[in-house]
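See below for the structure under consideration.
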Amino acid sequence: MKSPTDEHWNQRALTRDPVKVNIEDTAQRDLELGFVFQSLRGCDMPLGGKVLEVGCGNGFTTQQIRERVAHVDAFDYSENMIEAARAYWGETNNRFFHDDILEPEHLDPPYDVVLCVRVLINLRGVEEQRVAIRNMAKALRPGGRL
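For the sequence shown, this note's numbering gives the first residue as -13, with consecutive numbering after it.
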(Lines of atoms letter the chains of each structure in order from A and count residues from 1; the text may use other names and numbers.)
(Lines give C-alpha, C1' and ligand atoms only; values in the text may rest on other atoms or scores of the structure.)
Protein backbone atom coordinates (compact mmCIF):
# COMPACT_ATOMS: atom_id res chain seq x y z
CA MET A 1 0.00 0.00 0.00
CA LYS A 2 1.34 3.40 -0.98
CA SER A 3 1.89 6.02 1.69
CA PRO A 4 0.89 9.67 1.25
CA THR A 5 4.57 10.35 0.44
CA ASP A 6 4.48 7.68 -2.28
CA GLU A 7 1.32 9.20 -3.74
CA HIS A 8 2.93 12.66 -3.64
CA TRP A 9 5.85 11.52 -5.82
CA ASN A 10 3.62 9.58 -8.18
CA GLN A 11 1.50 12.71 -8.76
CA ARG A 12 4.51 15.03 -8.91
CA ALA A 13 5.82 13.10 -11.93
CA LEU A 14 2.82 14.40 -13.86
CA THR A 15 2.93 18.03 -12.75
CA ARG A 16 6.51 19.31 -12.57
CA ASP A 17 9.23 20.54 -14.88
CA PRO A 18 11.28 17.41 -15.67
CA VAL A 19 14.50 19.13 -14.63
CA LYS A 20 13.07 20.03 -11.21
CA VAL A 21 10.71 17.12 -10.57
CA ASN A 22 13.05 15.39 -8.10
CA ILE A 23 14.19 18.59 -6.37
CA GLU A 24 13.39 22.26 -6.94
CA ASP A 25 16.81 23.42 -5.70
CA THR A 26 18.94 22.65 -8.74
CA ALA A 27 22.06 24.11 -7.09
CA GLN A 28 21.76 21.53 -4.29
CA ARG A 29 21.13 18.80 -6.84
CA ASP A 30 24.25 19.79 -8.77
CA LEU A 31 26.32 19.62 -5.57
CA GLU A 32 24.90 16.17 -4.82
CA LEU A 33 25.67 14.99 -8.34
CA GLY A 34 29.21 16.32 -8.12
CA PHE A 35 29.71 14.20 -4.99
CA VAL A 36 28.16 11.15 -6.67
CA PHE A 37 30.33 11.49 -9.78
CA GLN A 38 33.47 11.99 -7.68
CA SER A 39 32.57 8.85 -5.74
CA LEU A 40 32.06 6.89 -8.97
CA ARG A 41 35.54 7.92 -10.15
CA GLY A 42 36.97 6.71 -6.85
CA CYS A 43 35.41 3.25 -7.12
CA ASP A 44 37.40 0.15 -7.83
CA MET A 45 34.99 -1.01 -10.54
CA PRO A 46 35.66 -3.46 -13.31
CA LEU A 47 36.03 -1.77 -16.68
CA GLY A 48 32.88 0.25 -17.16
CA GLY A 49 31.03 -0.88 -14.10
CA LYS A 50 27.44 -1.78 -13.32
CA VAL A 51 25.41 0.59 -11.16
CA LEU A 52 22.03 0.30 -9.42
CA GLU A 53 20.25 3.60 -8.83
CA VAL A 54 17.54 3.26 -6.19
CA GLY A 55 14.81 5.89 -6.40
CA CYS A 56 15.70 7.23 -9.85
CA GLY A 57 12.66 9.49 -10.14
CA ASN A 58 12.26 10.64 -13.72
CA GLY A 59 15.76 9.54 -14.70
CA PHE A 60 17.47 12.95 -14.63
CA THR A 61 20.43 11.58 -12.68
CA THR A 62 20.38 8.22 -14.48
CA GLN A 63 20.99 9.82 -17.85
CA GLN A 64 24.14 11.45 -16.46
CA ILE A 65 25.38 8.34 -14.66
CA ARG A 66 24.99 6.20 -17.78
CA GLU A 67 27.49 8.45 -19.55
CA ARG A 68 30.10 7.41 -16.97
CA VAL A 69 29.57 3.66 -16.58
CA ALA A 70 28.83 0.59 -18.69
CA HIS A 71 25.30 -0.03 -17.41
CA VAL A 72 22.75 1.44 -14.98
CA ASP A 73 19.72 -0.33 -13.61
CA ALA A 74 17.45 2.42 -12.28
CA PHE A 75 14.16 1.98 -10.47
CA ASP A 76 11.56 3.93 -8.59
CA TYR A 77 8.49 3.07 -6.55
CA SER A 78 6.46 5.62 -8.54
CA GLU A 79 5.06 4.15 -11.73
CA ASN A 80 4.58 7.65 -13.17
CA MET A 81 8.22 8.54 -12.55
CA ILE A 82 9.34 5.43 -14.45
CA GLU A 83 7.05 6.24 -17.37
CA ALA A 84 8.46 9.77 -17.42
CA ALA A 85 12.04 8.45 -17.28
CA ARG A 86 11.49 6.24 -20.29
CA ALA A 87 9.78 9.05 -22.20
CA TYR A 88 12.38 11.74 -21.38
CA TRP A 89 15.62 9.77 -21.62
CA GLY A 90 14.96 6.38 -23.22
CA GLU A 91 16.99 3.31 -22.48
CA THR A 92 20.45 2.90 -23.98
CA ASN A 93 22.94 1.36 -21.57
CA ASN A 94 20.36 1.54 -18.84
CA ARG A 95 17.11 -0.05 -17.76
CA PHE A 96 14.26 1.80 -16.03
CA PHE A 97 11.83 -0.31 -14.01
CA HIS A 98 9.30 -0.13 -11.22
CA ASP A 99 10.35 -1.82 -7.98
CA ASP A 100 10.26 -1.48 -4.20
CA ILE A 101 13.52 -1.29 -2.23
CA LEU A 102 11.73 -2.88 0.73
CA GLU A 103 10.91 -6.00 -1.32
CA PRO A 104 12.89 -5.79 -4.57
CA GLU A 105 11.86 -8.24 -7.27
CA HIS A 106 13.55 -7.05 -10.47
CA LEU A 107 17.19 -6.48 -9.54
CA ASP A 108 20.01 -8.09 -11.50
CA PRO A 109 22.89 -8.28 -9.01
CA PRO A 110 25.70 -8.12 -8.41
CA TYR A 111 26.30 -4.38 -8.80
CA ASP A 112 29.60 -2.59 -8.46
CA VAL A 113 27.87 0.46 -7.01
CA VAL A 114 24.43 0.96 -5.48
CA LEU A 115 23.38 4.54 -4.95
CA CYS A 116 20.38 6.43 -3.73
CA VAL A 117 19.92 10.16 -3.32
CA ARG A 118 17.14 11.49 -1.08
CA VAL A 119 15.43 8.09 -0.92
CA LEU A 120 15.73 6.92 2.67
CA ILE A 121 14.05 10.08 3.97
CA ASN A 122 10.89 9.12 2.05
CA LEU A 123 10.49 5.80 3.84
CA ARG A 124 8.16 5.38 6.82
CA GLY A 125 10.71 5.24 9.59
CA VAL A 126 13.99 3.83 10.80
CA GLU A 127 13.02 0.17 10.41
CA GLU A 128 12.11 0.63 6.73
CA GLN A 129 15.37 2.54 6.26
CA ARG A 130 17.29 -0.38 7.77
CA VAL A 131 15.53 -2.84 5.48
CA ALA A 132 16.32 -0.65 2.46
CA ILE A 133 20.00 -0.41 3.39
CA ARG A 134 20.23 -4.18 3.93
CA ASN A 135 18.61 -4.81 0.54
CA MET A 136 20.94 -2.38 -1.19
CA ALA A 137 23.98 -3.97 0.48
CA LYS A 138 22.84 -7.47 -0.60
CA ALA A 139 22.77 -6.32 -4.23
CA LEU A 140 26.48 -5.38 -4.19
CA ARG A 141 29.34 -7.51 -5.42
CA PRO A 142 31.98 -8.29 -2.78
CA GLY A 143 33.96 -5.08 -2.37
CA GLY A 144 31.24 -3.00 -4.06
CA ARG A 145 30.31 0.45 -2.85
CA LEU A 146 27.03 1.67 -1.37
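For glycine and all other residues, C-beta sits at the position ideal for the given N, C-alpha and C. These numbers were taken from a predicted model, which means no experiment stands behind them.
- Query: Helix, strand or coil: which one does DSSP assign to GLY111?
  - Reply: Reduced to three states, the DSSP call for GLY111 is coil.
- Query: Is the segment 70 to 79 in contact with the segment 37 to 44, if contact means three or more CB pairs nearer than 8 Å?
  - Reply: Touching, yes, given that three or more Cβ pairs across the two stretches are closer than 8 Å.
- If you follow the alpha helix (DSSP H) that LEU126 is part of, which residue opens it and which one closes it? Note, LEU126: premise wrong, no alpha helix (DSSP H); beta strand (DSSP E) at 126 to 131.
- Query: Distance, Cα to Cα, GLY35 vs PHE23?
  - Reply: Between GLY35 and PHE23, the C-alpha separation is close to 13 Å.
- Item | DSSP-derived helix/strand/coil call for ALA56 | Coil, per DSSP.
- Message: Mapping the DSSP letters down to three states, classify LEU88 as helix, strand or coil.
- Response: Of the three classes helix, strand and coil, the one that applies to LEU88 here is coil, per DSSP.
- Item | Close beta carbons around ARG54, own chain, < 7 Å, minus the five adjacent residues each side | Answer for ARG54: PHE23, LEU26, listed in chain order.
- Per DSSP, PHE83 is paired with what? Per DSSP, PHE61.
- Return the bridge partner residues of TYR97 from the DSSP annotation. Paired residue(s): LEU126.
- Item | Cα-Cα separation between ARG127 and PRO4, rounded to whole angstroms | Straight through space, the alpha carbons of PRO4 and ARG127 are spaced by roughly 32 Å.
- Task: Take the Cβ of GLU10 as the centre, count every other Cβ of all protein chains shown within 10 Å, and call the residue buried at 16 or more, exposed below.
- Result: Under this definition GLU10 is an exposed residue.
- Would you identify the three-state DSSP class for GLU39, choosing helix, strand or coil? The answer is strand: DSSP assigns GLU39 an E or B state.
- In chain order, what residues of the same chain lie with their CB nearer than 8 Å to the CB of GLN50, ignoring the 5 residues before and after it? By the criterion of a C-beta distance shorter than 8 Å, GLN50 is surrounded in its chain by LEU19, PHE23, once the five residues flanking it on both sides are discounted.
- Over the uninterrupted alpha helix (DSSP H) stretch that includes GLN19, give me the two end residues. Rather than Gln, the amino acid found at residue 19 in this sequence is Leu. Unbroken alpha helix (DSSP H) run through LEU19: 12 to 27.
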